[in-house]
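Chemist:
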Amino acid sequence: MNDILSILINHSPALIVAVPLFGAFLTPLVGMINDKIRNIFVIFITLLTGFFTVILVNEVFTNGIKTYCFGAENPSVNPVVRIFFEIDGMSAFMALIAVILPIVAVIYSWGFAKEETGQSKYYTLILLMTAGILGMVLTGDMFNFFVFLEITSISSAALVAFWTNKKNSVQAAFKYIVISSIGALMVLFAVAIFYGQYNALNMAVIANNIGFGFLDKIALVVLIAALTMKAAIAPMHMWLPDAYSGAPSPVTVVIVGTTLASLYGVFRVVFTIYGKQFLTILRSFGDFAVTPSLLIGVFIVVLAVLTIVIGVFMALKSNDFKRMIGYAAVAEIGYMILAVGSAISTYFIPTGTTTVTMAEHGKMALTGGIFHMINDALDIGLLFLVAGAVYYATKETSLNKLGGLSRKMKYTTVFFLIGLFAVSGLPPMNGFASKLIIYQSTYQVNPILAIVAILCSIMLLAVFVKVFHSAFLGPEISSTKNVKEVPKSMLIAMGILAALIIFFGLFPEFVITNIVEPAKNALLNSSEYISAILGGV
Amino acid sequence: MLDQIISTFETGSGFWNPLVWLTALVIAFLIIYIVRGFGKREYKKGTDQTQAFLSGNPEYEKDKMHVKANNVYWGFTESLKSVYNFFGKMHTGNVSDYVLWFVIIMGILFLIFGVI
Amino acid sequence: MSGMSKIVKTISSIAFPFVMIYGLYIIAHGHLTPGGGFQGGAIVASGAAMILVSYGSVWTMGKVKEKKLSILESTGAIVFIGTAILGLLFAGVFFNNFLFDSNLIFNIVPVKGSTVGILNSAGTLPIMNFAVGLKVVAGLFAIVLVMAYATTKMGGGKK
Amino acid sequence: MMTFNIPYIAVIGLILVGLIAVVFKRNLIKIVIGITLIESGVNLFLITLGYRENSIAPIYTSSPGGLMSLPVPQALTLTSIVIGVAVLALMISFIVHIYRHYNTLDASKIRGDEE
């Protein structure tokens, strides 16, 4: 038994991607038998992927970085040219996020997509998207990253346009695929630059040899711009509300994962690949030295403030339930990169010019930012599922035409309240702990940042109070008279997310020490990532 | 394992302990329960007691009584009209503009790294 | 899209088998010469697209069902990933070339490396090439077919 | 020396032309053409990186011997072309649907419900 488990752990990086891919292509064949068997099969496949992810994550958190080489019995011979999956703490953390969301989405779809035609293709694409996201976060190879990015974009764009009879969905899907393909092509351009410079595609090898010459700067610029666009950072966020509101709700939940995976790409590029060149002094004005880390950090912080403000303001004005959550998701992404940006600009500073406490604050900000990633996935996911439930019950997403839903949909209302508390950072939900860390650490960096963050968080509360008032409270109006509570599978899916939110909110210390700290340490120690492939070079 | 789960979370300026919070919650509920006990006991459903009082005017039909989402925060959006006009102009919904923003950001980054 | 003139139909019918054979050759010799699953599959699919253009999408839709194409496509992908997983089962590494150096298929152990005329010198590669070829043929042809059919149904757009 | 730079200049040119087409053209089909231009530029870049002076194609079967150009970028390019085909097909089918709903291909008129 232990033998089998250790073999499974050894091969889990490959199986995590292979199982959903295999399941994806088997789904249309299984779907020809029976709808119910197909749904059970798809849920089984996602759960199996989840099982492999959990054993892999456990392994990585206890024994450190794990590498997996494809197609070679003896990977230590000439590792530079081989295709590796390399899983460090950050990858494992992202894999956890990426696997929770599809499980929830698939369970939810059982009830939600029951009436739709072409369900087999729908599930195929969801599984493909899952495989793509997991590949993106697990891979240790730049070109592989590009391929998985494209797999994710293609399948998610096709899913955004799943309701082809709605013009809103189709136009959103077109915008999404244009943005995604341009972003991915730019990533490929940067990969080509790396290949021309260092004759390698492996991230660890590139990171080991990286310089900061002209071509490296171009690659950095192109990668940051393309991946931040894919991660919906203002002012390149406009595709996100379109795509999120056009897609069916369970699909949106998985697309949240793709957005976070792109954000992971930004972190991987900035922290790991360019980690060695962070402290190169580009130019110095007296005592003040300008380093790449300072430039990137300040740039990201500026964009982050813009992202938060734009996201919150547009959400407040929006009258479409899903579009509003989309803008709120933009604001949430702003919180993450606000923390990470301030971490980059304070932690990576040439020795002698920084104080120890400042570096500590930077570290803390990074903890908050990473913790907020999983919180955002859960909160926004739950809110979208609630929006989907409202749509399922009333066939309506415009808040102007809703009202008095809490009289008919008790459980959905409770789940919405949980999501509302979580997204605006009220205790005891998960958003509280991460936002507290972000406020406190960014206050030390610059008080204005923390003030903006807190004010916008209050406005985020106002945004969802508006939803709560206009959709759930109020008298029973004529258009919502015949509304019924949604099917059990949808309630179960929402319940899973709500339970996770409350668990994360009640026991933040447990989550931080066990999940977030390894991810943070992995980002800060890029040399470990390199030496896992190159053997301590 | 259990003591690990319920361990205190400290940020340096504040702390969070699930047990403390649960105690606070229980105390809050107790206070609410006591305050609720001060309420009138004659309240009955279905009588005139539950009707809304609109200075003696008759109640409108239910659809009109509900404040629609469009009207919520009207004052806020009205007073920040200039900001909203600016943001509204940014969100054209045209895919070319989305790519244009990407090109602009890339240009700014090129400038930052090129000049310094 | 209705069919084209009789000349076009006849010529494309004559050319069709040759295009097929050429495409299949490219797929089968993918591990020996330039080409492989995708290139050969694209040739086969373009041959099928030629028939589609000359005979019209309505006629072709009557002959080939889109559902069957998607089954073929799934089969191709399943065989590809299945071979990779078999590598895991037999040789302990995902994507391992477990048939290489074995006499499983032709009962002879082939010479190592690429050798003219010896088809089984590459282990699992031909299987994967055929799987990819199947997927590409089915996928590309399904795309072309569905799009051509969709435009006929649209009738140049609603006015 | 200049001749070696011509492909790189073409790469930059193709990518710029593609971006200009995406940003300034209003027809959706032209936007898609712009994206394929960017893609060709990137593919050309990859292929050019693998070329070595006076090299032959990397085919071992009855090769005359001598310097071979790098096969890895060619494999990468092939993968990227395959992905490009899928993206192109997806975009074109979206355009078919968009035309059905909007009866126009003008990018500035293709908007969502609330914009």
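Residue numbers (numbering that gives the first Met the number 0), protein chains in the order written: chain Z, 0 to 536; chain F, 0 to 115; chain U, 0 to 158; chain S, 0 to 114. Built from N, CA and C at the ideal position, the CB exists for glycine as well.
Quick one, are the C-beta atoms of Ile14 (chain S) and Leu36 (chain S) less than 9 Å apart?
Modeler: Going by C-beta atoms, Ile14 (chain S) is nearer than 9 Å to Leu36 (chain S).
Chemist: So, are the CB atoms of Met141 (chain Z) and Asn201 (chain Z) less than 9 Å apart?
Modeler: Taking 9 Å as the Cβ cut-off, Met141 (chain Z) and Asn201 (chain Z) qualify as a contacting pair.
Chemist: To the nearest angstrom, report how far apart His236 (chain Z) and Met127 (chain U) are at their CA atoms.
Modeler: Looking at the two C-alpha atoms, the distance is approximately 40 Å.
Chemist: Using a 10 Å radius around the Cβ and a threshold of 16 neighbouring Cβ atoms, would you call Val515 (chain Z) buried or exposed?
Modeler: Buried is the call here.
Chemist: Which parts of the segment 355 to 412 of chain Z are runs of the alpha helix (DSSP H), unbroken and 4 residues or longer, counting only runs that do not cross its ends?
Modeler: Taking only runs of at least 4 residues, the alpha helix (DSSP H) segments lying wholly in the segment 355 to 412 of chain Z are 355 to 393.
Chemist: Going by the beta-carbon positions, is the gap between Ile348 (chain Z) and Ser397 (chain Z) smaller than 9 Å?
Modeler: Contact flag unset, no.
Chemist: What distance in whole Å lies between the Cβ atoms of Phe60 (chain Z) and Ala23 (chain Z), which are believed to be in contact at a cut-off of 8 Å?
Modeler: Ala23 (chain Z) to Phe60 (chain Z), Cβ: 28 Å. No contact.
Chemist: Exposed or buried, Gly535 (chain Z), counting other C-beta atoms within 10 Å across all chains shown (16 or more means buried)?
Modeler: With a pLDDT of 46 at Gly535 (chain Z), under the threshold of 50, the modelled position of that residue is not reliable, and the figure given next carries that caveat. Exposed is the call here.
Chemist: With 7 Å as the C-beta to C-beta threshold (strictly closer), list the residues of the segment 230 to 258 of chain Z near chain F in chain order.
Modeler: Here the close residues are Pro234, Met235, Met237 and Trp238.
Chemist: I'd like the list of long-range same chain contacts for Ala171 (chain Z), defined as Cβ closer than 6 Å, with 5 residues on each side in sequence excluded.
Modeler: Taken in chain order, the residues that qualify are Val159, Asp241, Ala242 and Gly245.
Chemist: Could you check which residue in S:Ser62, S:Tyr98 and S:Met67 has the C-alpha nearest to that of Tyr50 (chain S)?
Modeler: Looking at the Cα atoms, S:Met67 is the closest of the given residues.
Chemist: Throw me the rounded Cβ distance for the Val389 (chain Z) and Phe320 (chain Z) pair, which I believe falls under 8 Å.
Modeler: Sure, about 6 Å apart at Cβ, within 8 Å.
Chemist: For Ile181 (chain Z), which residues in chain F fall below 8 Å Cβ to Cβ?
Modeler: Per Cβ cutoff of 8 Å: Val98 and Phe101.
Chemist: Sorted by chain position, which residues of the same chain lie with C-beta nearer than 7 Å to Gly49 (chain Z)'s C-beta, five sequence neighbours on each side aside?
Modeler: Excluding sequence neighbours, Gly49 (chain Z) sits near Val98 and Ile102.
Chemist: For a cutoff of 9 Å on Cβ pairs, would you count Glu475 (chain Z) as touching chain F?
Modeler: It does; some Cβ of chain F falls within 9 Å.
Chemist: Tell me, which residues are paired with Asp140 (chain Z) by DSSP?
Modeler: Asp140 (chain Z) pairs with Z:Asn201.
Chemist: With Glu72 (chain U) and Ala137 (chain U) assumed to form a contact (beta carbons below 8 Å), what rounded beta-carbon distance in angstroms separates them?
Modeler: 4 Å between Cβ atoms; contact.
Chemist: Within the same chain, show all residues whose beta-carbon is closer than 8 Å to that of Lys158 (chain U), passing over the 5 residues directly before and after it, in chain order.
Modeler: Note on Lys158 (chain U): pLDDT 34, under 50, position unreliable in the model; the coordinate value appears next. Correct list: empty, nothing qualifies.
Chemist: Is Ala48 (chain U) close to chain Z, meaning its C-beta is less than 9 Å from at least one C-beta of that chain?
Modeler: False, the Cβ-Cβ gap to chain Z never drops below 9 Å.
Chemist: From the DSSP output, read off the bridge partner residues of Thr66 (chain Z).
Modeler: In the DSSP output, where bridge partners are listed per residue, Thr66 (chain Z) has Z:Glu85.
Chemist: Taking a cut of 8 Å between CB atoms, which residues from the segment 86 to 110 of chain S lie near chain Z?
Modeler: Flagged, chain order: Val86, Leu89, Met90, Phe93, Ile94, His96, Ile97, His100, Tyr101, Ile109 and Arg110.
Chemist: Does the ligand COA have a heavy atom nearer than 8 Å to the CB of Ile307 (chain Z)?
Modeler: The ligand COA is not among the ligands present in this structure, which contains no ligands whatsoever.
Chemist: Using 8 Å as the Cβ pair cut-off and three pairs as the minimum, do the segment 364 to 379 of chain Z and the segment 305 to 313 of chain Z touch?
Modeler: Short answer: they don't touch.
Chemist: Using a Cβ cut-off of 8 Å, pull out every chain U residue sitting near Pro27 (chain Z), in sequence order please.
Modeler: Neighbours of Pro27 (chain Z) on chain U, chain order: Ser69, Ile70 and Ser73.
Chemist: Given Lys134 (chain U), which residues of its chain have a CB within under 6 Å of its CB, disregarding the five upstream and five downstream residues?
Modeler: Counting only Cβ-Cβ distances below 6 Å, and skipping sequence neighbours, we find Glu72, Gly75 and Ala76.
Chemist: Could you check what DSSP says for Phe40 (chain Z) in three-state terms: helix, strand or coil?
Modeler: Here Phe40 (chain Z) sits in helix by DSSP.
Chemist: Based on the DSSP output, what are the partners of Met154 (chain S) in its beta bridges?
Modeler: The structure shown does not extend to residue 154 (chain S), since chain S is modelled only from 0 to 114, so the question has no answer here.
Chemist: Could you tell me whether the Cβ of Gly13 (chain F) comes closer than 9 Å to any Cβ of chain S?
Modeler: Judged by the 9 Å Cβ criterion, Gly13 (chain F) is not in contact with chain S.
Chemist: Measure the Cβ-Cβ separation of Gly325 (chain Z) and Leu239 (chain Z) and say whether it is below 9 Å.
Modeler: Contact: yes.
Chemist: What residues from chain S crowd round Thr159 (chain U), counting only those whose CB sits closer than 8 Å?
Modeler: Because chain U is modelled from 0 through 158, residue 159 (chain U) falls outside the range shown and cannot be assessed.
Chemist: Between Leu87 (chain U) and the rest of its own chain, which residues show a CB-CB distance below 6 Å, the 5 nearest in sequence each way excluded?
Modeler: Correct list, in chain order: Phe93.
Chemist: Using a C-beta cutoff of 9 Å, does Ile142 (chain U) count as contacting chain S?
Modeler: True, the Cβ-Cβ gap to chain S drops below 9 Å.
Chemist: Quick one: give me the first and last residue of the beta strand (DSSP E) that Phe284 (chain Z) is part of.
Modeler: Unbroken beta strand (DSSP E) run through Phe284 (chain Z): Arg282 to Phe284.
Chemist: Which residues mark the beginning and the end of the alpha helix (DSSP H) in which Phe463 (chain Z) is found?
Modeler: Start and end: Pro446 to Val466.
Chemist: Report the rounded CA-to-CA distance for Leu144 (chain U) versus Leu51 (chain U), giving the unit in angstroms.
Modeler: So the two alpha carbons sit approximately 7 Å from each other.
Chemist: Can you round the beta-carbon distance between Ala48 (chain U) and Phe140 (chain U) to whole angstroms, since I take them to be within the 8 Å contact cut?
Modeler: Going by Cβ atoms, the distance from Ala48 (chain U) to Phe140 (chain U) rounds to 7 Å, so yes, they are a contact pair.
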